[in-house]
Amino acid sequence: RKAAGSSLLDGLDPDQRAAAGSDGGPLLIVAGPGTGKTRTLTHRLAHLVSERDVPPRQCLAITFTRRAAEEMAERLTALVPDHAPELIIATFHSLGVRILREQHERVGLSADFGIADSARQLAVLAEVTGDEPGARRALAELSRSRRTGTPDELAERYTKALRQQDLVDFDDLVALPVALLEADAELVAAYRERYRWIAVDEYQDVDEQQYRLLRLLAPPDGNLTAIGDPDQAIYRFRGADVGFFLRFRQDFAGARTVQLTRNYRSNPHILDAALRAIEPGTLVPGRELHPMGEHGNARVGVHHAADERAEGAFVARTIDQLLGGASFHSLDSGRVVTEGTQGLGFSDFAVLYRTDRQARAVMDALTQAGLPFQKRSHDRLAERPGVEEILAELAYAGGTVLDRVRRAADVVLGRGAEEAEIHTAVDLLKPLARECGDDLARFRTELSLGIEVDTWDPRADRVSLLTLHAAKGLEFPVVFVVGCEDGLLPLRWPGAEPDAEELAEERRLLFVGITRAQQHLYLSHAASRAGRPASVSRFLADVGDGVERVGEAPKARRRETQLRLL
Ligand code: ATP
Ligand code: MG
Numbered sequence: 001r002k003a004a005g006s007s008l009l010d011g012l013d014p015d016q017r018a019a020a021g022s023d024g025g026p027l028l029i030v031a032g033p034g035t036g037k038t039r040t041l042t043h044r045l046a047h048l049v050s051e052r053d054v055p056p057r058q059c060l061a062i063t064f065t066r067r068a069a070e071e072m073a074e075r076l077t078a079l080v081p082d083h084a085p086e087l088i089i090a091t092f093h094s095l096g097v098r099i100l101r102e103q104h105e106r107v108g109l110s111a112d113f114g115i116a117d118s119a120r121q122l123a124v125l126a127e128v129t130g131d132e133p134g135a136r137r138a139l140a141e142l143s144r145s146r147r148t149g150t151p152d153e154l155a156e157r158y159t160k161a162l163r164q165q166d167l168v169d170f171d172d173l174v175a176l177p178v179a180l181l182e183a184d185a186e187l188v189a190a191y192r193e194r195y196r197w198i199a200v201d202e203y204q205d206v207d208e209q210q211y212r213l214l215r216l217l218a219p220p221d222g223n224l225t226a227i228g229d230p231d232q233a234i235y236r237f238r239g240a241d242v243g244f245f246l247r248f249r250q251d252f253a254g255a256r257t258v259q260l261t262r263n264y265r266s267n268p269h270i271l272d273a274a275l276r277a278i279e280p281g282t283l284v285p286g287r288e289l290h291p292m293g294e295h296g297n298a299r300v301g302v303h304h305a306a307d308e309r310a311e312g313a314f315v316a317r318t319i320d321q322l323l324g325g326a327s328f329h330s331l332d333s334g335r336v337v338t339e340g341t342q343g344l345g346f347s348d349f350a351v352l353y354r355t356d357r358q359a360r361a362v363m364d365a366l367t368q369a370g371l372p373f374q375k376r377s378h379d380r381l382a383e384r385p386g387v388e389e390i391l392a393e394l395a396y397a398g399g400t401v402l403d404r405v406r407r408a409a410d411v412v413l414g415r416g417a418e419e420a421e422i423h424t425a426v427d428l429l430k431p432l433a434r435e436c437g438d439d440l441a442r443f444r445t446e447l448s449l450g451i452e453v454d455t456w457d458p459r460a461d462r463v464s465l466l467t468l469h470a471a472k473g474l475e476f477p478v479v480f481v482v483g484c485e486d487g488l489l490p491l492r493w494p495g496a497e498p499d500a501e502e503l504a505e506e507r508r509l510l511f512v513g514i515t516r517a518q519q520h521l522y523l524s525h526a527a528s529r530a531g532r533p534a535s536v537s538r539f540l541a542d543v544g545d546g547v548e549r550v551g552e553a554p555k556a557r558r559r560e561t562q563l564r565l566l
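Counting along the sequence shown from 1, when you hit position 179 you're at 179 in the numbering used here, and nothing is skipped either side.
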């Protein structure tokens, strides 16, 4: 058994090392963005298995998205290649599937039960209500009644029909294991014996069922490490409750708390802007966050555009100029700063927006400027065009999953399906199919679990377009947050003003967006959007000092003159 300071903790600062190398028992790591929370969690697991002789099978790391789980698995493979394959790295949903596959008999399911996607849920609801057009509304009612914990008659009939078809839905994936464990102390003991070390990233976004599952799996004095930042809680609309984070120390008495205060991600101006943006609504008053001085010193740019087309053009133009090696707004203010901007590639840029429909204008502008981009889509893979048809044919073939997919595609194409669509579907299915070898059941499970199976490839040499929600946990050298307008950020649903809680969450979304940036941050807003007048976000007033206006028409003319003079 090696002491702290051994190799796996070497890449960490003293606070991170104290956290990653700490002994058992409940541990809460509460820290702001870019302080290395995820990195600390990864190193903690690596340290436990390779320097503390903890069997990897006893370690359970939980993240929120499949993508985050994949990334953690990759990092651990690099750190502890021999142990990584045995570590359990799961999302809450995949953990639920694991438990349900083991305990299927107790909930009246077969070993290879299916997972209903929303289309299937709607079909089941249409069946039990006999009202097909009303199914969507029924589904919304169902989620609401489940969230508030008041199962009604509809819910009961729906569940019964689902089970008769050997199906569970997404909510069931966590709720069923919770119900099972809550009714069986022996089972709880068995799982606690198995998962001795549990670590959860982004703990500020757990919802009630996930929280209950964790409390069942981890005893009050258990080795549970919870990591998060209350100011980045952005999933309240989905039932997440930051209150679970805030009461960790009551739930797990004697929990140690570690704070991380060094920010390794963002330049000092960006960090200042982030702190000013969150300050009026912070859930962590008096938080310290110190920039470690990397990533240059470019100031935060605020751009005022005439409309969304002009905003898109600003984004494209600025990317173009940064790729050229000089900072656009630094030229504006008479300084030429190339520091930290050299060697940028397309993949170093991200454009973040509150709502998906804002992407259109940006995509048009990037297309026109000849800049390659990829948009992170939230579609479930299983629901993308062509995929369903291919899946329907899989049963009739044998061999590896990939072979089956290809053959199924041929069958579908033979029926005269849309050529291009099916090829795209096969391309999208290929990585997962490869990963699953000849385990067709796993392929189907993963597909139906595929909320986060998206088409976004972090390694592709393209500009990334993402919603603020989808950007959580990520970082980019250059970030644009577009549409900083009242009505968009904070978002206003038609006919309703956001209430105080909603406003607070919108503010946290801006905080998440700002803190994705390493070297350059641009906040933009338009005077008119979709033909209607728009006003600048109330949050920008809080960001206030320290930013500079960039890329505006009169200045742009002046810059041309300057350049000509040069
Ligand atoms: P978020 O709240 O956005 O999830 P985080 O706290 O999880 O952020 P990480 O993503 O783990 O932060 O780390 C942010 C960046 O800082 C990463 O690029 C990481 O490699 C780097 N970093 C973290 N700790 C150190 C360190 N001790 N030395 C150098 N770089 C570090
Ligand atoms: Mg993180």
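Quick reminder that beta carbons are idealized off the backbone N, C-alpha and C, glycines included.
Closest Cα partner of residue i within the set the options
i, options, result
"residue 512", "500, 466, 536 and 549", "466"
"residue 246", "407, 361 and 28", "28"
"residue 166", "179, 191, 121 and 138", "121"
"residue 83", "251, 316, 523 and 73", "73"
"residue 259", "521, 32, 533 and 531", "32"
"residue 607", "160, 294 and 46", "Outside the displayed range of the chain (1 to 566) lies residue 607, so it cannot be described from this structure."
"residue 547", "92, 47 and 297", "297"
"residue 87", "25, 48 and 221", "48"
"residue 244", "135, 142 and 210", "210"
"residue 18", "9, 502 and 433", "9"
"residue 521", "324, 57, 437 and 302", "302"
"residue 188", "395, 103, 505 and 22", "103"
"residue 177", "161, 155, 215 and 153", "215"
"residue 234", "471, 527, 519 and 533", "471"
"residue 44", "53, 35, 22 and 64", "22"
"residue 284", "30, 15 and 541", "30"
Residue i CB to nearest heavy atom of the ligand ATP below 8 Å
i, result
"residue 11", "yes"
"residue 33", "yes"
"residue 473", "yes"
"residue 260", "yes"
"residue 16", "yes"
"residue 63", "no"
"residue 287", "no"
"residue 235", "no"
"residue 232", "yes"
"residue 225", "no"
"residue 229", "yes"
"residue 146", "no"
Alpha-carbon spacing of residue i relative to residue j, whole angstroms
i, j, result
"residue 118", "residue 414", "28 Å"
"residue 368", "residue 428", "26 Å"
"residue 338", "residue 299", "Residue placement at residue 338 is flagged as unreliable, the pLDDT there being 47, under the threshold of 50; the coordinate-derived value follows with that caveat. Approximately 13 Å, taken between the alpha carbons."
"residue 68", "residue 98", "18 Å"
"residue 344", "residue 404", "41 Å"
"residue 430", "residue 380", "15 Å"
"residue 372", "residue 384", "22 Å"
"residue 55", "residue 75", "18 Å"
"residue 127", "residue 444", "23 Å"
"residue 350", "residue 356", "14 Å"
"residue 105", "residue 163", "12 Å"
"residue 334", "residue 550", "Bear in mind that the predicted position of residue 334 carries a pLDDT of just 42, short of 50, making it unreliable; the figure below should be weighed with that in mind. Between residue 334 and residue 550, the C-alpha separation is close to 12 Å."
"residue 434", "residue 424", "16 Å"
"residue 422", "residue 386", "5 Å"
"residue 66", "residue 552", "41 Å"
"residue 109", "residue 79", "39 Å"
"residue 328", "residue 315", "Any answer about residue 328 is weak, because its pLDDT of 44 lies below 50 and its placement is not dependable; what the coordinates show is given next. Spanning the two alpha carbons is a distance of roughly 11 Å."
Distance cut-off 8 Å: residue i Cβ against heavy atoms of the ligand MG
i, result
"residue 38", "yes"
"residue 182", "no"
"residue 70", "no"
"residue 427", "no"
"residue 201", "yes"
Integer Cβ distance of residue i from residue j, believed to fall under 8 Å
i, j, result
"residue 468", "residue 354", "6 Å"
"residue 206", "residue 179", "Residue 206 to residue 179, Cβ: 18 Å. No contact."
"residue 568", "residue 198", "Coverage of the chain is limited to positions 1 through 566, which leaves residue 568 absent and any answer about it impossible."
"residue 535", "residue 486", "5 Å"
"residue 26", "residue 224", "5 Å"
"residue 348", "residue 480", "Their Cβ separation, rounded to whole angstroms, is 12 Å, which puts residue 348 and residue 480 out of contact at 8 Å."
"residue 62", "residue 92", "6 Å"
"residue 393", "residue 408", "4 Å"
Cβ-heavy atom distance, residue i to the ligand NAP, below 8 Å
i, result
"residue 160", "As presented, the structure is devoid of the ligand NAP, carrying the ligand ATP and the ligand MG as its sole ligands."
9 Å Cβ cutoff, residue i in contact with chain C
i, result
"residue 107", "The structure shown contains no chain C; it is built from a single protein chain."
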